[in-house]
Amino acid sequence: MEDIITLGIETSCDETSAAIIKNGRQVLSNVINSQVPIHKRYGGVVPEIASRNHVEAISSVVKEALEQANITFKDIDVVACTYGPGLVGALLVGVSYAKALSYALNKPLVGVNHIQGHIAANYITYEKLEPPFLCLIISGGHTHLVHIKDYTEFEILGKTRDDAIGEAFDKVARVIGLEYPGGPKIDKLAKEGEPNIDLPHTHFENSLDFSFSGIKTAVLNLNHKNPNLNKADLCASFEKVATDMLEENTIEAIKKLGINKLALAGGVSASPYIRQRFKDLGEKNNIEIYYPDLVLCTDNAAMIGVAGYYNYIKGNVSELTLNAEPNLKI
Ligand code: KG4
Ligand code: ZN
Numbered sequence: 082m083e084d085i086i087t088l089g090i091e092t093s094c095d096e097t098s099a100a101i102i103k104n105g106r107q108v109l110s111n112v113i114n115s116q117v118p119i120h121k122r123y124g125g126v127v128p129e130i131a132s133r134n135h136v137e138a139i140s141s142v143v144k145e146a147l148e149q150a151n152i153t154f155k156d157i158d159v160v161a162c163t164y165g166p167g168l169v170g171a172l173l174v175g176v177s178y179a180k181a182l183s184y185a186l187n188k189p190l191v192g193v194n195h196i197q198g199h200i201a202a203n204y205i206t207y208e209k210l211e212p213p214f215l216c217l218i219i220s221g222g223h224t225h226l227v228h229i230k231d232y233t234e235f236e237i238l239g240k241t242r243d244d245a246i247g248e249a250f251d252k253v254a255r256v257i258g259l260e261y262p263g264g265p266k267i268d269k270l271a272k273e274g275e276p277n278i279d280l281p282h283t284h285f286e287n288s289l290d291f292s293f294s295g296i297k298t299a300v301l302n303l304n305h306k307n308p309n310l311n312k313a314d315l316c317a318s319f320e321k322v323a324t325d326m327l328e329e330n331t332i333e334a335i336k337k338l339g340i341n342k343l344a345l346a347g348g349v350s351a352s353p354y355i356r357q358r359f360k361d362l363g364e365k366n367n368i369e370i371y372y373p374d375l376v377l378c379t380d381n382a383a384m385i386g387v388a389g390y391y392n393y394i395k396g397n398v399s400e401l402t403l404n405a406e407p408n409l410k411i
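Be aware that the sequence shown starts at 82, since it is given in my numbering, and climbs by one per residue.
Okay, here's the thing in structure tokens:
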């Protein structure tokens, strides 16, 4: 069988990334140009600045991905790009670039759902992982519990009704004076503290949905009322209760579906604390736990190339009229 080379492109938020994937699982290159240093001074991603930086970076990032993979444009068989969800102006840069390239090379275009990309990151780290499994996607923009029925077939079991977990991490970090992105900083500071502060644990009856606005607001209020509160204890308590909430729904979903394979995905799954908690949960309940390599947890194009490949072989090819869809659902 001929090799299939997929170019993946990701520009949904603040990373401009391009990757070359061989036969769906083998990463030949994965170039990530992060704008974090640029957005840091504003305490979060500024959409207009993100779009402009994507425009400046996209051509050289794709060129670098080709060079590192030791191939040229002519070797590309499929052009895959994130078309949603994300920031509309940021998404448009990748979508326009991919459309132009697909037209110029006369090769198929595949629009990829960013959340499906995060799930697919696990296929890179675990060569043998195959659906069905359960996936907990925890990132800056999303908190989803999803049944992965097949490579391109998904059922949402639960999602956040308000803030994404990463959004809560970033907001809490900001009010206690930690830099953007807050997740890794909270994780680090939490190690020096004890989870001894009472915080609200939200759980909905007969639902696997999440809510993180209650715990976020509670931390904000506590910190406001009592500026001398031990920040390390606050971080440790926040991280513990937020993870308790993730665990509770996940166990419920596992019991409901009778599936004993659970994958984590998304930026927040880079947290060593959360990884360890789920590892322990797996050992205790006889569940196989998967989580992507650290670099594949946060936004990258390799995961988009992989998801693009599986869509391509299922015949899910896009027209050149493909547009950015900022509120795209799984
Ligand atoms: O997946 P991602 O790069 O972007 C979205 O699709 O949203 O996730 C970014 C989020 C941010 O909220 C960041 O604070 C969080 O992932 N994050 C972490 C860690 N590394 C990144 N949260 C907790 N611990 C980490 N080590
Ligand atoms: Zn993401």
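Note that CB positions come from ideal geometry on N, CA and C, so glycine has one too.
Being a predicted model, the structure only gives us computed values, none of them experimental.
First and last residue of the uninterrupted alpha helix (DSSP H) at residue i
| i | result |
| --- | --- |
| Ser132 | 128 to 150 |
| Cys316 | 312 to 338 |
| Ile368 | It is not in any alpha helix (DSSP H) - Ile368 carries neither H nor E in the DSSP assignment. |
| Lys266 | 263 to 271 |
Residue burial classification, residue i (beta-carbon count within 10 angstroms, cutoff 16)
| i | result |
| --- | --- |
| Glu96 | buried |
| Glu400 | exposed |
| Lys180 | buried |
| Thr153 | exposed |
| Ser352 | buried |
| Ala383 | buried |
| Lys155 | exposed |
| Glu91 | buried |
| Pro213 | exposed |
| Tyr184 | exposed |
| Tyr391 | buried |
| Asn408 | exposed |
| Thr224 | buried |
| Phe250 | buried |
| His195 | buried |
| Asp380 | buried |
| Phe57 | Absent from the structure is residue 57, since the part of the chain shown begins at 82 and ends at 411. |
| Glu248 | buried |
| Ser140 | exposed |
| Thr402 | exposed |
Residue i: first and last residue of the uninterrupted beta strand (DSSP E) it sits in
| i | result |
| --- | --- |
| Gln46 | Coverage of the chain is limited to positions 82 through 411, which leaves residue 46 absent and any answer about it impossible. |
| Phe214 | 214 to 219 |
| Gly239 | 234 to 240 |
Any residues whose CB sits closer than 6 Å to a heavy atom of the ligand KG4? List them in chain order?
Cys94, Ser220, Gly221, Gly222, Gly247, Phe250, Asp251, Pro262, Gly263, Gly264, Pro265, Asp268, Gly347, Gly348, Val349, Ala351, Ser352, Thr379, Asp380
Segment contact, 8 Å Cβ cut-off, at least three pairs: the region 191 to 199 with the region 153 to 170:
yes
Does the contact criterion of 3 or more C-beta pairs under 8 Å hold for the region 260 to 270 versus the region 304 to 311?
no
With a cut-off of 8 Å, do at least 3 Cβ pairs link the region 363 to 374 to the region 125 to 138?
no
For the region 228 to 240 against the region 283 to 298, do three or more pairs of beta-carbon atoms, one drawn from each stretch, fall closer than 8 Å, so that the two count as touching?
yes
Do the region 105 to 121 and the region 210 to 220 meet, that is, are 3 or more Cβ pairs less than 8 Å apart?
no
Kindly confirm or deny that the region 264 to 273 and the region 294 to 302 touch, where touching means at least three C-beta pairs closer than 8 Å.
no
Specify whether the region 169 to 177 and the region 132 to 151 touch according to this definition: at least 3 beta carbon pairs, one from each stretch, less than 8 Å apart.
yes
At a cut of 8 Å, does the region 199 to 210 reach the region 323 to 341 through at least three beta carbon pairs?
no
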